[in-house]
Structures are given as C-alpha cells and as structure tokens.
Amino acid sequence: MSAASQAGVGVAQAAQAAGSSFYAGMRILPKPQREAMYAVYAFCRAVDDVADEGGTREERSAGLQRWRDGIDALYAGRPTPDTAPLAEAVRRYGLRREDFVAVIDGMAMDAAEDIRAPDEAKLDLYCDRVASAVGRLSVMIFGVSERNGPGLAHHLGRALQKTNILRDIDEDAAMGRLYLPREKLEAAGIHSTDPTVVAADPALPRVCAPIVQEARRHFAEAQAIMAREPRRTTRAPRLMGAVYGAVLEATAKRGFSAPRQRVRKPKLKLLISFVRHGLF
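If you read the sequence shown in our numbering, its first letter stands for residue 15, the second for the next number, and so on.
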C-alpha cells in the first residue's frame, strides 16, 4: 500500500471514530498507536455492523465468515482490502490472530440468535469475546507489560461490557435481546426470558444490583493493575475507565425501575478525565 493510501485509510478511520468517547481517549496517544487503535476500532465496528445489520442470519453468518477468511489471509501475508488497514498494527505491535477471531466469534453469537438470558458462563464468554479480546489487542498497542496486560484486558473489558449491559437494557430489549444472566433473573423471581417483559418487571432492580457490584469490582481490579504500570502505557485505559466508571455510577443512581431514562456519558466528567489522564 502506498503512503498516500495509508494516509487516506488513517483519515477514514479517524472519521469513523469521531464523536465517540473512544475517539477522545485515543487522541492522547502518539500517532502510531493512535492509528493502530483506529484500525482496530474500524475492524470492530465493521464486524459489529455485519452482526447487527448484515441482512438475514445466513447473510450475517456469511459476512462474518468473510472477515474470518480475511484475517486468515492477513496473517498468511495476503491481506484483503478489508484487512489491509490492520497490517501495520499487526506488524508493529505483534497483535495476535486469535484475538481478532475472538471478536468475530463474539459478534457471531449475536448474529446466530437474539441472546436472551444467557447463563453466567455464556455471558462471561460473550464479554470476553466482544470486550476483553479487544482489550487484549489494545494493551499490546499501548505497551502494557505482558505481565499485566492480560489481566487489565480481562477486568477492564468486563467492566465496560457490564456497564453497557446495565445502561442499555431498554435498547437491547427493543432489538429482542436480553443480556442479563438467567441465574440472577431466577434468583429475583423472574422466569420470563422475553426482553420487554423482563425490562418492565418490578423485580429488575434486584437483578441489576449485583451486576453493578461486579462491574465495580472489575473497575477496581483494573485500577490496581494500571497502578503497577508506567503511566504512559495506561493513559488511554485510565481515561476509558474513568468515563465508563462515571456512566456506571450514573446508571446505578438512576436506578433500574421502569420507566428509565437513557444515561449519557457525562461531558464534564469526560473533560476532567481527559485533562487528568491525557495531559498530566
């Protein structure tokens, strides 16, 4: 790929990331890391779009298989047009094929069926694939040590995903999905797996309260791991953790009784976090 083409790809990836908290978090990185993260982000967005909007289930499955084939080709030295933007990041930072495949496998879980009240093991596998696998790619780009990187990806990925699950109950229900674990629903006396029924159940706060605590524990574990790393390698994950931690607390403060208002990322918290973790 020519230098001009590579520059064009970088601009496209930046534009795709614009407007998100991810974009704000990655702006603080040196250019090579930033461009690598934009490439990973663009990959994640693309496979997520296939899983959610790629047509029939058969068409979505076929679309995700094309991405698997593209990743295989990339690691065989024959990148496709879709995976070529990842080539430099893979080369420079030693990104692992299995983590890209895990992300695709996570999206395939959504494409194959509307997930409804998975058991705890299936939910944890889903969180690992769609969140912690992305974290495993990211920590290698950030330069987190091999001793601490996998643990940081595990805990911060699960913290972010559990925050999303708690925040997005109504949006997920509108798509026919319910990511709250079956064991916690049954413990609260909810035996339906219909997303709209569960979203309206008055016992829902008893389901969500322990998940809030789990997310807080994952955030705390991530913070403890980051404290053992040089600050330059953890600026971006610190920022993401601060912003999503604020979202978690805003969601918990709002509560889970219906009707629920959508929780937004607090802009002031984002600005303060950007100053703290991006500039100092």
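In this text, a Cβ means the ideal position worked out from N, Cα and C, and glycines have one as well.
Name the one or two DSSP bridge partners that residue i has.
i	result
R130	L192
Quick check: residue i and residue j, are their CB atoms within less than 8 Å of each other?
i	j	result
G108	M40	no
A214	A272	yes
S75	A116	no
C222	L180	yes
R106	P46	yes
L217	G203	Correcting the residue identity first, residue 217 is Ala in this sequence and not Leu. Yes, they are a contact pair.
G84	V64	no
D184	R274	yes
P195	F270	no
D66	D119	no
L166	A234	no
Indicate whether at least one CB of chain C lies closer than 8 Å to the CB of residue i.
i	result
E263	Judged by its chain identifiers, the structure shown contains no chain C, having just a single protein chain.
Please check the pair residue i and residue j, which I expect to be a contact at CB under 8 Å, by giving their CB distance rounded to whole angstroms.
i	j	result
I239	Y193	Actually they do not touch by this definition, with Cβ atoms about 25 Å apart.
A87	P93	6 Å
E197	E134	6 Å
A241	F156	Actually they are not in contact, since the Cβ atoms of A241 and F156 sit about 15 Å apart, beyond 8 Å.
A267	I225	With the sequence shown as reference, residue 267 is identified as Lys, and Ala is not the correct amino acid for it. Wrong, their Cβ atoms sit about 15 Å apart, outside the cutoff.
S159	E243	6 Å
With a cut-off of 8 Å, do at least 3 Cβ pairs link the stretch 165-182 to the stretch 248-263? The way I'd put it, the stretch 165-182 does touch the stretch 248-263; three or more beta-carbon pairs between them come closer than 8 Å.
If you scan the stretch 189-240 from start to end, which runs of the alpha helix (DSSP H) of 4 or more residues do you find wholly inside it? Runs found: 196-201, 209-214 and 218-240.
Examine the Cβ distances between the stretch 216-229 and the stretch 170-189 and report whether three or more of them are shorter than 8 Å. Touching, yes.
Suppose only complete runs of 4+ residues qualify. What are the alpha helix (DSSP H) ranges in the stretch 48-92, listed by chain order? Runs found: 71-89.
Could you give the uninterrupted runs of the alpha helix (DSSP H) lying entirely in the stretch 241-268, keeping only those of 4 residues or more? Within the stretch 241-268, the complete alpha helix (DSSP H) runs of at least 4 residues are 245-268.
Within the chosen definition, does the stretch 135-149 reach the stretch 204-223 through at least 3 CB pairs nearer than 8 Å? No, the stretch 135-149 is not in contact with the stretch 204-223.
Determine, using beta-carbon pairs with one atom in the stretch 100-114 and one in the stretch 48-67, whether at least three such pairs fall under 8 Å. Because the criterion of three Cβ pairs below 8 Å is met, the stretch 100-114 and the stretch 48-67 touch.
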